[in-house]
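**Q** Please read through the structure below; I'll follow up with questions.
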Amino acid sequence: MELTGAEIVVQSLIEEGVEHLFGYPGGAVLHIYDAIHQQEQLQHILVRHEQAATHAADGYARSTGKPGVVLVTSGPGATNAVTGIATAYMDSIPMVVLTGQVPRPLIGNDAFQEVDSVGITRPVVKHNFLVEDVKDLATTIKKAFYVATTGRPGPVVVDIPKDITAHKTEFSYPREINIRSYHPTTKGHTGQIKKAYELILEAKKPMIYTGGGVILSNASEELVKFTQLLGAPITNTLMGLGAYPASDKQFVGMLGMHGTYEANMGMHNCDVLIAIGARFDDRVTGNLEKFCPDARIVHVDIDPASISKNVKVDVPIVGDVKDVVTELNKLIEASDQRLDSAALSTWWQQIEEWRAQDCLKFNRDTGTIKPQFVVEQLHQVTEGNAFVTSDVGQHQMFAAQYYGFNKPRRWINSGGLGTMGFGLPAAMGVKIAHPDEQVACITGEGSIQMCIQELSTCLQYNTPVKIINLNNGFLGMVRQWQEFFYDRRYASSYVDALPDFVALAEAYGHVGIRIEKPEDVRQAIEDAFGKYKDRTVFLDFIIDREENVYPMIPAGAGLNEMILV
Amino acid sequence: MNKHIISLLLENESGALSRVAGLFSARAYNIESLSVAPTDDATLSRMTIVTSGTDQIVEQIQKQLNKLVDVVKLVDLTESEHIERELMLAKVEAVGDARDEVKRLVDIFNGKVVDVTDTTYTVEITDTGEKLDSFITSLSSIKIHEVVRSGAIGISSGDKILAV
């Protein structure tokens with residue numbers, strides 16, 4: 001049957017199993033919107049800003065493992081989406097972004113709402129396409145989904161000129177696709193896996209360090225088994241939280257700049273480091289010269305370019321984490337050989353000494369609301385099972401440190417790019433994917449204002465998320481650095497003239513509650529998830545103004561050079 | 566910092582060149598020259614990049630290039646025996662004694678004088694980049710008006726083949 005390009009876009013998305021599409025209309029995509037309007041399988045979520053469309057699709061993708069899908073118009077529609085595309089790119093999130101383009105005869109003429117979308121997005125996508133013929137449209141969309149979701153996932157942009165959405169052609173969606181230049185390695189090399197296994201068994205002071213790759217690969221179960229078979233301590237990166245249950249005693253907390261003392265000291269002193277689906281980011285390694293001085297390193301990653309990029313490793317294994325860890329587990333289970341138990345027990349004694357420092361303790365008796373306390377209370381009320389999104393800054397670190405994630409895909413934050421404004425739209429996306437689950441957005445008064453217009457979308461689509469606004473009246477992380485490294489010169493870190501968030505939430509049709517006393521924190525959170533279960537609730541917690549995130553590794557220091565409280 | 570000649574087969578599609586060029590600038594890799602043209606297979610372009618860096622950086626360059634979806638195959642020619650060629654056109658001043666001197670040098674470098682005026686010679690030389698450099702050096706006091714170089718291209722020696 002002959003379909004128009006616009007109808008082909010819609011049918012292709014349906015063929016891909018897409019149920020929700022986040023977007024914003026405009027001239028170049030009107031044909032596509034018209035085609036969406038004439039069917040019911042694919043639900044379109046109208047956001048209030050294209051950046052939010054990408055973040056919502058991103059939250060949807062992170063919480064489900066399915067690709068997030070976005071539709072925006074040409075020009076400003078595409079440029080507004082760039083921040084969200086880059087956010088997904090840095091965290092390897094599968095996403096397909098369809099951008100409208102001016103009709104082909106106008107391309108290059110500085111036409112109204114024309115921008116070189118393929119050029120602008122090139123450095124922040126896994127791949128992108130400009131569709132030049134309606135006959136290529138279905139195949140290109142198929143390729144986009146294939147590239148976005150396989151190997152190391154990432155966003156893919158498909159730029160579609162308006163005239164192509166009006167042209168007709170015979171539609172048949174390809175069942176399979178082969179791209180001759182794209183064959184990601186998923187199966188780990190048997191010889192390398194064997195080598196890793198042998199090296200791991202030599203460890204006297206092992207440390208398992210895992211990242212977002214474990215979550216992307218859905219390998220949490222395999223990782224838990226691996227860790228428990230070995231009996232070794234495990235730390236997760238910011239992106240990897242939830243892959244191993246935080247409540248388990250083998251978990252030593254997050255590592256890195258605001259990681260725990262025991263995790264960072266464990267890294268620094270280990271003799272064999274098992275890195276899985278993590279990329280040795282600068283916020284994790286601190287000073288590379290001082291990083292894990294005594295360790296031999298095994299590194300499992302699906303992206304060969306992540307291996308030995310920042311830190312030279314001894315046993316590289318390119319492959320899908322789930323496959324490789326399954327193979328490692330088989331080798332361990334097939335033999336009676338285990339880690340040297342006497343050495344392991346001495347190592348654990350040392351780790352327990354570090355843990356006894358209780359580096360996440362904080363003063364509870366100040367009479368002011370401590371942000372850490374709010375996160376703890378949120379954990380208790382939601383029994384550690386909520387989906388928690390965050391923005392970027394102090395509140396993000398408090399959420400990562402104090403929520404205690406026990407399941408993968410529950411902690412949703414912009415780790416790589418560090419995008420303020422991510423939290424609220426991401427929470428919306430999560431809620432649309434999981435309407436029956438509890439969803440909270442831990443944010444600050446700085447970040448929330450970067451995408452606050454989405455409160456309107458929350459009302460339209462009835463996505464009752466709970467906004468936990470840790471309001472200290474400062475751009476907290478900026479202020480913290482200015483306190484430490486700029487002699488308390490608080491340049492532009494003070495957020496003057498804040499809105500009345502309660503009134504603002506109410507103006508958008510939601511529930512707003514201001515909480516100023518520690519004794520009111522629990523009740524407010526309980527009300528948000530209880531009494532106001534079906535409403536979007538904005539909890540504005542007026543917190544301790546100058547609380548800092550501890551512990552901290554200053555820039556340029558090693559993991560053993562932490563500032564404790 | 567060693568010089569490397571990386572040879573790529575990439576999809577002959579719009580945007581493929583800018584993906585490669587963008588990668589080098591985005592990641593602050595050195596790029597000394599880049600030359601690209603379609604091959605006998607119209608769907609493929611062959612690109613030759615001359616770059617330099619530590620072993621670790623060159624390894625990253627290769628991995629990052631391989632990650633580009635448009636890159637079909639890649640080889641670092643400098644890892645084994647190879648043939649490297651670069652074409653240079655140079656317009657130099659040729660008056661008085663210099664007229665003979667330039668001609669003599671061109672002969673030594675197996676080049677050709679391809680255009681002549683009363684005051685200039687335009688010479689063509691094909692050789693490795695290093696040889697072209699030494700030709701320029703050996704001109705010493707002779708005035709050079711213009712130099713145009715193609716950037717290196719290369720191919721493996723023997724029966725090693727870079728093909729799909």
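Heads up: the protein sequence lines correspond to chains Y and U, in order. Read in our numbering, the first sequence has 67 at position 67, and its numbers run on one by one without any break. For our numbering, add 565 to where a residue sits in the second sequence, where the first one is 1. Using N, Cα and C, we set each Cβ at its ideal position, and we do this for glycine too.
1) For residue 243 of chain Y versus residue 632 of chain U, is the C-beta distance shorter than 8 Å?
2) Which runs of the beta strand (DSSP E) at least 3 residues long sit entirely within the region 566-612 of chain U? Give them in chain order.
3) Give the straight-line distance between the Cα atoms of residue 206 of chain Y and residue 274 of chain Y, rounded to the nearest whole angstrom.
4) Beta carbon of residue 90 of chain Y, beta carbon of residue 148 of chain Y: below 8 Å?
5) Hey, out of Y:270, Y:100, Y:257, Y:229, whose CA is closest to residue 282 of chain Y's CA?
6) Under the assumption that residue 161 of chain Y contacts residue 102 of chain Y (Cβ atoms under 8 Å), give the Cβ distance between them as a whole number of angstroms.
7) Going straight from the alpha carbon of residue 334 of chain Y to that of residue 197 of chain Y, what length do you get?
8) Using a Cβ-Cβ cut-off of 8 Å, state whether residue 728 of chain U counts as contacting chain Y.
9) Could you give the distance in angstroms between the alpha-carbon of residue 5 of chain Y and the alpha-carbon of residue 164 of chain Y?
10) Inspect the CB distances between the region 639-655 of chain U and the region 587-594 of chain U and report whether three or more fall short of 8 Å.
11) Could you tell me whether the region 460-479 of chain Y touches the region 425-439 of chain Y, where touching means 3 or more Cβ pairs closer than 8 Å?
12) Whole angstroms is fine: what's the gap from residue 247 of chain Y's alpha carbon to residue 324 of chain Y's?
13) Taking only the alpha-carbon atoms, compute the straight-line gap between residue 137 of chain Y and residue 172 of chain Y and give it to the nearest angstrom.
14) Under 7 Å Cβ-Cβ, which residues of chain Y neighbour residue 636 of chain U?
15) Spatial neighbours of residue 295 of chain Y within its chain, please: CB distance less than 7 Å, with the 5 preceding and 5 following residues excluded, ordered by chain position.
16) So, is the C-beta of residue 714 of chain U closer than 8 Å to a C-beta in chain Y?
17) Would DSSP call residue 93 of chain Y helix, strand or coil?
18) Let me know the alpha helix (DSSP H) ranges lying completely inside the region 129-200 of chain Y, each 4 residues or longer, listed in chain order.
19) Please report the straight-line C-alpha distance between residue 54 of chain Y and residue 414 of chain Y, rounded to a whole angstrom.
20) Below 9 Å between beta carbons is the criterion; list the residues of the region 113-128 of chain Y that meet it against any residue of chain U, in chain order.
21) Are there three or more Cβ pairs, one per stretch, closer than 8 Å when the region 478-493 of chain Y is compared with the region 74-83 of chain Y?
22) So, do the region 489-499 of chain Y and the region 524-537 of chain Y have three or more beta carbon pairs nearer to each other than 8 Å?
23) Assign residue 155 of chain Y to buried or exposed, taking buried as 16 or more other Cβ atoms, counted over all protein chains shown, within 10 Å of its Cβ.
24) Which residues in chain Y have a C-beta closer than 8 Å to the C-beta of residue 584 of chain U? List them in chain order.
25) What does the alpha-carbon distance come out to for the pair residue 582 of chain U and residue 328 of chain Y?
26) Where are the beta strand (DSSP E) runs, 3 residues long or more, that stay fully inside the region 61-85 of chain Y, in chain order?
27) Measuring straight from C-alpha to C-alpha, what distance separates residue 430 of chain Y and residue 13 of chain Y?
28) Consult DSSP for residue 462 of chain Y and reduce its assignment to one of helix, strand or coil.
29) Would you verify that the beta carbon of residue 375 of chain Y is, or is not, closer than 8 Å to some beta carbon of chain U?
30) What separation, rounded to the nearest whole angstrom, lies between the Cα atoms of residue 48 of chain Y and residue 451 of chain Y?
31) Near residue 396 of chain Y, which residues of its chain fall below 7 Å by C-beta distance, leaving aside the five closest residues on each side in sequence?
32) Quick check: the Cα distance between residue 549 of chain Y and residue 470 of chain Y, rounded to an integer number of angstroms?
33) Three or more beta-carbon pairs under 8 Å between the region 19-29 of chain Y and the region 59-75 of chain Y, yes or no?
34) Return yes when the Cβ of residue 254 of chain Y is within less than 8 Å of the Cβ of residue 238 of chain Y, no when it is not.
35) Output needed for residue 680 of chain U: all residues of its chain with C-beta closer than 7 Å, excluding positions within five of it in sequence on either side, in chain order.
36) Give the DSSP-derived three-state secondary structure of residue 104 of chain Y in the structure shown.
**A** On the basis of the data shown:
1) no
2) 567-576, 598-603
3) Going from the Cα of residue 206 of chain Y to the Cα of residue 274 of chain Y covers about 8 Å.
4) no
5) Ranking Y:270, Y:100, Y:257, Y:229 by Cα distance to residue 282 of chain Y puts Y:257 first.
6) 7 Å
7) 12 Å
8) no
9) Each residue's alpha carbon lies about 6 Å from the other.
10) no
11) Yes, the region 460-479 of chain Y touches the region 425-439 of chain Y.
12) A straight-line Cα-Cα distance of about 25 Å links residue 247 of chain Y and residue 324 of chain Y.
13) The alpha-carbon of residue 137 of chain Y is positioned some 10 Å away from that of residue 172 of chain Y.
14) 181
15) 270, 271, 272, 273
16) No - not a single Cβ of chain Y is within 8 Å of the one on residue 714 of chain U.
17) coil
18) 137-149, 162-166
19) Spanning the two alpha carbons is a distance of roughly 12 Å.
20) 118, 119, 122, 123, 126, 127, 128
21) Fewer than three Cβ pairs drawn from the region 478-493 of chain Y and the region 74-83 of chain Y lie within less than 8 Å of each other, which leaves the two stretches out of contact.
22) no
23) Residue 155 of chain Y sits buried, since 16 or more C-beta atoms from the chains shown fall within 10 Å of its C-beta.
24) 122
25) 41 Å
26) 68-72
27) 20 Å
28) coil
29) no
30) 9 Å
31) 390, 413
32) 13 Å
33) yes
34) yes
35) 687
36) helix
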